[in-house]
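Q: Here you go, one structure.
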Amino acid sequence: MEETFKSKSGIVYLKPEDAGPKAGVAGESTKGMPKRWGMVVDQRRCIGCHSCTVACKSENNVPLGYWRSWVKGLQRGSFPDVGNFYLRRLCNQCDVPPCTQVCPVQATVRRPEDGVVVMYYGKCIGCGMCISACPYDARFFNPIRSTADKCDFCVTRIDNGLKPACVEACLSGALVFGDLDDPSSEVSIKLAEVATTVIKPELGTRPKVYYIAADRSLKGRIIFSDDFQEEILDYHKSIPSPDASYWKKGR
Amino acid sequence: MDATVLYNVPHEIPWKIYIPFYFYFTGLSAGSFILSTLSTVFGIKRFKPMALPAAIISFALLLLAPACLILDLHQPTRFWHTLVPEYFNNTSALSYGSWLLTAYPIANLVYIYFIFVKYDRITKILGTITVPLAIFVHAYTGFAFALVRARAWWHSALMPGYFLTSALLSGIALLVVVAMIMDRYRREKLELDLYRSLRLMMIGILLTDLFWNASFWLTLLVSNADGYASIRFALHEPLYIWGELVAGMLIPLAILLMPRAGERKGWLCLASILIICGVFLMRYSVVFIGFDIPLS
Amino acid sequence: MTQVTRREFIRLATLMGGVSLFAGCHLFGEEQPVPKYIDGAPGVDPLETLQGVKNIYTVCALCPGNCGICCRVAEGAVVKIGGNPYHPVSGHPMLPFETPLDKAAAVGGAVCAVGGSGIQTVYDPFRPARPLKRVGPRGSGKWKAVGWDQAFSEIVNGGDLFGEGNVEGLKTIRKSGNGLQFLVGRADWGALTFVKRFLSAFPNAVMARDAGILMEEKARAAAEAVFGTGIGAVDADYGNVRFLVSFGDAPLDSGVPLVSIARRIADARVKGPYMHWVVVDPRLSTSASKSDLWVPVIPGEDVNLVLAIIKALLTDHRNELKFKDEALDKLVADRSTADYAKAAGIGPDIPVKLARRFVAEGPRAAAVPGRGILAQPNGLEVAMAILTINRMVGSVPGSGGLTARSDAYLKSAEEKLVPASVRDLKPTAFGSPTKALLLWESDPVYDNPASADAYFKDRSKVPLFAAISTGITETAALADYILPDTTYLERWDVCVSPPSVTTPGVGVRVPVIGGFESKTGRYFPILPETRPMEEVLIGLSAAVKIPGFDPKAKEGIKNAWDYYKQVFPPVIQAMKAGGFPVEVSKKGMAEFMQRGGFFTKERPTARAAVSSPYTAPELKAAPGQSAPKDSLLLLTYTLPFHRSPTSGVNSWLLEILPENRLLINTADARKLGIKQGETVTVEMPDGKTGYKCKAQVAPGIRPGVVALARGFGYRQLGASLQEIDKKSLAADKPRGAGVNAADLAGTSGPSRVRVKRG
Ligand SMILES: Nc1nc2c(c(=O)[nH]1)N[C@H]1C(S)=C(S)[C@@H](COP(=O)(O)OP(=O)(O)OC[C@H]3O[C@@H](n4cnc5c(=O)[nH]c(N)nc54)[C@H](O)[C@@H]3O)O[C@H]1N2
Ligand SMILES: Nc1nc2c(c(=O)[nH]1)N[C@H]1C(S)=C(S)[C@@H](COP(=O)(O)OP(=O)(O)OC[C@H]3O[C@@H](n4cnc5c(=O)[nH]c(N)nc54)[C@H](O)[C@@H]3O)O[C@H]1N2
Ligand code: SF4
Ligand code: SF4
Ligand code: SF4
Ligand code: SF4
Ligand code: SF4
Ligand SMILES: [Mo]
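Residue numbers (our numbering), protein chains in the order written: chain Z, -15 to 235; chain E, 60 to 355; chain X, 3 to 760.
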């Protein structure tokens, strides 16, 4: 069976030198250049297709039952005046990140050069304080790394001039990524032209992920309806996906 | 209007049962230590017999507490990272906490040595230095919660105070139990007065704790959506209502308020045990109700 | 070592695949437990994804969308699937063909959730890795691993193969001139030429197709009846249409392909020029929730809504119509617009308004039928009526409202590759008795569970049954032989685009993993004992001694590459003749293969000529259903992040929603006392068969209607025990969660069910 795997990949070239290019070489490295990366999530476009979710899992090797990014889907209204509302979630890359404030070892920090809140996995002691401190549930323990983990705007991609995996995958063009400090970037233009919100602005975390038309899905955050009764409990209980333990024991 | 979640994802709670134990043990330790210093530092002679046992209990618990903390770490072998000066994060309560958790047991041990060798003057000086450490070591855990603005259930100015008083409460309750055990085996019995004082202290602190709770309820009920949700969640949590509040506070309070309860050691002991459990449940419900409330 | 990270797993599976029957189970020296396939992060940094990694462009095959994808390959394993920027569907915007490959590497493309999860389809630990022969009765789940030669010789020569009596082999069948059926699912253009060529050697061979393909056939037939023969299926021109009415169609849930349709619709509705959009669907689909008007029609009564619109057009706008036909007047003679609307369960003003809008937008309006319509018993006729609305207001394929396929130029290539005798081999529904049945890329038993007993298990109807399959599917589980196929990332193909893709061109599927020996053209798949379908057929043909297929003969086709080497040049030539600026040379072909095909905006889409013969549908307003009072109408729908059955068990998809729940209107649920997430029993009106699932109580469905998502409730594909060589292999229960909608809904349109608590 030796010969089977002689050619490691890209068996489709006619001449060896015609093999596919190395990814990333063409992307200009942006490392070191001052930036302020941000994202606009356009909920008018978003269809809750989860392409971003799967792209993120695949790119970042996120274990089953854990998410760096996900989509919340809500249905609200009374027949026939009903609507579906989607909220595509990821780390907000706060400019004043509560998570970095509480980390005892500076294992998660906001990179001063581009504002991305990153993890230094080798430093993390796995205390979980950042996970409890993030107001957006954006962090989790990665059972394989045994450290905290989170969306980091795909740093390894953006440092090499590529777009984050989710932005690239998004079908409907709902995700716009770029430099908030560059007034000619697509994000800055979007922000200038369209009204946006951030999630929980009252907390003063100053997120760099902005949402267009997310208000209806945001309101479902905790309270569903005006006659607020047992709904928060129901809401909490009726999350349709099981947690990580399902995947750990089920197999 | 009707509403349904089409899909959303669950978030695993990052902490296990060790964390409430950790908070609980630091609290107990701080509580007992303060009790020990009542005679050595504050010169209340009545508590003299308690000084050494309280200090030893406090030290022993201090070994348990960090053990729980390390057990909960996902990278336990990296616990020393918290003591690397370069990694120190001046906005992190845990960063201070790690240093306190190192300094306090050492101070505590030295203090025990001097009680043991009966150098009262040095004991007093050491005690005076260590009391603030003890208070901080526990108060910082309160701050670790209070400073988390993400979770309305934790983010309250009352939290450190509540942690401290309940720590003291559990410390006293534990001492009552220990004192009764000592009474069994020692020839010279402890004075009844001592029990009476401890009982009065417990009543006072229980009332304070209930006051904290009432304060929480009222502020959360009229606060924003998150706060309101958190109190609704708490009210549906049997461990909080029946455990922490009823079994851990109201019943012991009722027992302690019974006339001449101080003399009936059985009742006193029961109340103390209930308090000890109740304070643990308080740690538990603070931690886990906090995580129960959906953030997104 | 039962916990492996995904990357490790992929690597091991790649490097050691050969030693195992099931890619995962024996790999780790443990037979019983399925490896804990925690798809997740290894300690290494994701930077790994940038160093020493190659991008290989190919075409997705997980739905009929045929999107261009980009596979990132590291150390011989696919580590990520993204979109191909050279492809009009996934490139936003599409990169010109001339762009050098290294520039393209910095530009990504879009890919849907299903397409992105394809890694798990390929590295599925439950893929059979060797030919299997059943040792128990059909469907008993007991197998014996056999060599290819044995499998070929037994299938070809027949005999008493299973101790159940004599079975006729392919050799006799070929001589007797009757009795071979090949059931093909969604095969692409290239593979189909090969299958047809194979079938040409068997006189009177039948190409059977499954419900899915027949659904597409219906869509084609409806379009051809309205717009003229040869036009093929039509779809909305999402980039240009100004007024769209989707009937039982959910382009934002299951658009073919979702990748480009989602983008076009989002652009049209957010950036403009604005597309007005009406969705006719009893259930609030994603599409309906993003539209201007949701028309929750009574399921199965769509016909009345369509007739109401036609009536309104004929009465209110008679003089503005571009096309009238006496047959149409007759069609809607019996009732008034309001009566029709009432029968469809909607307000009388809706058809009038829709008609007005249709006329106003004229050539840029579109009325499109989807599976919700086509699946109905009279689906073909209703679809014809819907498409007729377009023609009435002057909207024909190419006028802005609708598009048709633009690949007619491939005819000349087909003529070169496929013998004339089988070129127009018409697909037939499967189910008729035969002597031998071959099956490829199809899982009819999942879509029609009743066919298991009625057909596949019945040895008198199907004496010999071999499934060329990548998995032990519901259907393959009933086969006599499972001939393990390679996956879509391990094969060549020529892929044409569905009608919604308006940029003309042809996609090329190439293997992205495995080994290749350029001297002989031999391909080594990641599981060495699997073979591309073409090589399976070559093996069978050689055993039957069909001329032209003998790998030993000089002229014979030796292997898959040997065939596709012959396929690509005529395709490129045909494109050249069709007006594409392609280069007919070795270099041209290499570029064609490296970029996953050739697409260009330069060649204008030929405007399809609409011929005048028009076939009017024969429609009568469906009689009111005489159904039990307490029953509900069950329909099925598709989730944008689920696919059946090919990739429905991919854990990244299951993880989002591991099981389907019965969607029931809040009011109905209240009446029946059903609460959110509670278990309910859904049973057929006869009360005999029933299935349990959880309820999803929501306002977004017409009262009286319940719905189940397709793509759940697998019984096979790893969800149940299999015994190979007397070793029992563990099952992966989560793969079987939920119910198979087809168990209850059957295959033709909405059906009646009773729903009970508990
Ligand atoms: N009740 C109900 N039934 C329906 C429908 C409905 O709406 N309602 N819809 C119908 C429609 S439109 C469709 S398209 C069908 C879909 O149903 P199918 O056509 O059955 O589904 P596919 O996902 O195309 O998968 C076919 C089989 O091909 C296998 N396969 C995938 N890749 C390969 C490969 O490379 N090689 C081989 N050998 N096999 C492979 C998969 O494992 C799978 O078993 O369902 C039809 N049935
Ligand atoms: N993610 C994903 N995408 C896919 C597929 C997949 O499996 N997964 N499959 C692909 C294939 S093979 C095909 S054929 C296409 C099919 O794509 P579509 O034709 O869009 O088919 P569905 O999404 O199954 O059904 C469309 C809608 O019909 C509604 N419906 C059901 N019954 C009725 C009825 O009686 N009347 C009306 N008016 N509406 C009704 C359903 O609620 C559903 O919202 O999708 C393709 N795209
Ligand atoms: S889990 Fe890691 S990153 Fe988070 S606070 Fe603790 S040490 Fe810091
Ligand atoms: S969203 Fe959470 S994890 Fe992300 S930066 Fe803000 S606080 Fe940190
Ligand atoms: S930026 Fe990267 S890590 Fe963050 S959600 Fe998108 S894909 Fe995931
Ligand atoms: S990929 Fe885009 S459209 Fe799909 S869920 Fe994510 S953000 Fe929304
Ligand atoms: S729509 Fe998704 S599954 Fe279908 S071909 Fe495109 S990428 Fe593949
Ligand atoms: Mo289909």
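Even for Gly, the Cβ is constructed at its ideal location relative to N, Cα and C.
#1: Pull out every residue of the region 61 to 79 of chain E whose Cβ sits closer than 7 angstroms to any Cβ of chain X, in chain order.
#2: Please write down, chain order preserved, every residue whose beta carbon lies under 7 angstroms from a heavy atom of ligand 6.
#3: Using the beta-carbon count (16 or more within 10 Å), is P0(Z) buried or exposed?
#4: Given that a residue counts as buried once 16 or more other Cβ atoms are within 10 Å of its Cβ, and exposed if not, what is F175(E)?
#5: Report the rounded CA-to-CA distance for A176(Z) versus L159(Z), giving the unit in angstroms.
#6: Compute every distance between the C-beta of C111(Z) and the non-hydrogen atoms of ligand 3, then say whether any falls below 7 angstroms.
#7: Between the region 143 to 163 of chain E and chain Z, which residues of the former have a C-beta closer than 9 angstroms to a C-beta of the latter?
#8: What residue does the beta strand (DSSP E) around Y276(X) start on, and which one ends it?
#9: Tell me the start and end of each unbroken beta strand (DSSP E) in the region 694 to 758 of chain X that is at least 3 residues and wholly inside, in chain order.
#10: If we define contact as Cβ-Cβ less than 8 angstroms, is E170(Z) a contact residue for chain X?
#11: Does DSSP put E557(X) in a helix, a strand or coil?
#12: Take D409(X) and list the residues in its own chain whose beta-carbon comes closer than 6 angstroms to its own, dropping the five residues that flank it on each side.
#13: Taking 8 angstroms as the CB-CB cut-off, is V699(X) touching chain E?
#14: Verify the contact flag: C62(X), CB atom, against every heavy atom of ligand 7, threshold strictly below 7 angstroms.
#15: Can you tell me which of the three DSSP states L439(X) falls into?
#16: Classify S520(X) as helix, strand or coil using the three-state DSSP reduction.
#17: At a CB distance below 8 angstroms, what residues from the region 46 to 57 of chain Z approach chain E? Give them in sequence order.
#18: Is the shortest distance between the beta-carbon of I676(X) and the beta-carbons of chain E less than 8 angstroms?
#19: Please state the DSSP three-state secondary structure of C761(X).
#20: From the beta carbon of A124(E), is the nearest beta carbon of chain Z less than 8 angstroms away?
#21: Which two residues bound the contiguous alpha helix (DSSP H) that contains F84(E)?
#22: Determine contact between the region 152 to 168 of chain X and the region 407 to 424 of chain X, defined as no fewer than three beta-carbon pairs at a distance below 8 angstroms.
#23: Please list the partners that F101(E) has in chain Z, where partner means a Cβ-to-Cβ separation under 9 angstroms.
#24: Just to check, is the beta-carbon of P259(X) closer than 7 angstroms to a non-hydrogen atom of ligand 7?
#25: Which parts of the region 638 to 686 of chain X are runs of the beta strand (DSSP E), unbroken and 3 residues or longer, counting only runs that do not cross its ends?
#26: List, in order along the chain, the chain A residues whose C-beta lies closer than 9 angstroms to that of Q85(Z)?
#27: Taking CB distances under 8 angstroms as the criterion, tell me whether L354(E) reaches chain Z.
#28: Spell out whether any CB of chain X is found under 8 angstroms from the CB atom of A198(Z).
#29: Verify the CB distance criterion: does I658(X) have a CB-CB separation below 8 angstroms to chain E?
#30: Using the beta-carbon of each residue, which ones in chain E are nearer than 9 angstroms to T668(X)?
#31: At 9 angstroms on the CB atoms, spell out the chain X contacts of S35(Z), in chain order.
#32: Going by Cα to Cα distance, which pick from L659(X), R597(X), A579(X) and R672(X) is closest to F99(X)?
#33: Could you check whether A114(E) and F92(E) sit closer than 8 angstroms to each other, using their CB atoms as the reference points?
#34: Relative to ligand 3, is the shortest distance from any of its heavy atoms to the C-beta of C127(E) smaller than 7 angstroms?
#35: Let me make sure I understand the geometry here. Which of K728(X), L330(X) and T339(X) has the alpha-carbon closest to that of G138(X)?
#36: Is M23(Z) helix, strand or coil when you go by DSSP?
A: To lay it out plainly:
#1: D61, T63 and Y66
#2: V25(Z), R29(Z), C30(Z), I31(Z), G32(Z), C33(Z), H34(Z), S35(Z), C36(Z), T37(Z), V55(Z), Y70(Z), R72(Z), C150(Z), A153(Z), C154(Z), L155(Z), S156(Z), A158(Z), L159(Z) and A264(X)
#3: Residue confidence for P0(Z) is low, a pLDDT of 33 falling below 50, so the modelled location carries little weight and cannot support an answer.
#4: exposed
#5: 16 angstroms
#6: yes
#7: V143, E145, Y146, F147, N148, T150, S151, A152, L153, S154, Y155, G156 and S157
#8: Segment: none, Y276(X) is in no beta strand (DSSP E) and carries neither H nor E.
#9: 707 to 711, 724 to 726 and 729 to 731
#10: no
#11: coil
#12: V498
#13: yes
#14: yes
#15: strand
#16: coil
#17: G49, Y50, W51, W54, V55, K56 and G57
#18: no
#19: In the structure as shown, chain X starts at 3 and stops at 760, and residue 761(X) therefore has no counterpart that could be examined.
#20: no
#21: Y77 to T99
#22: no
#23: What F101(E) touches in chain Z: nothing, since even the nearest Cβ is about 33 angstroms away.
#24: yes
#25: 663 to 667 and 681 to 685
#26: The structure shown contains no chain A; its protein chains are Z, E and X.
#27: yes
#28: no
#29: yes
#30: D61 and T63
#31: A112, V113, C114, A115, V116, G117, G118, L260, V261, A264, P642 and F643
#32: R597(X)
#33: yes
#34: no
#35: K728(X)
#36: strand
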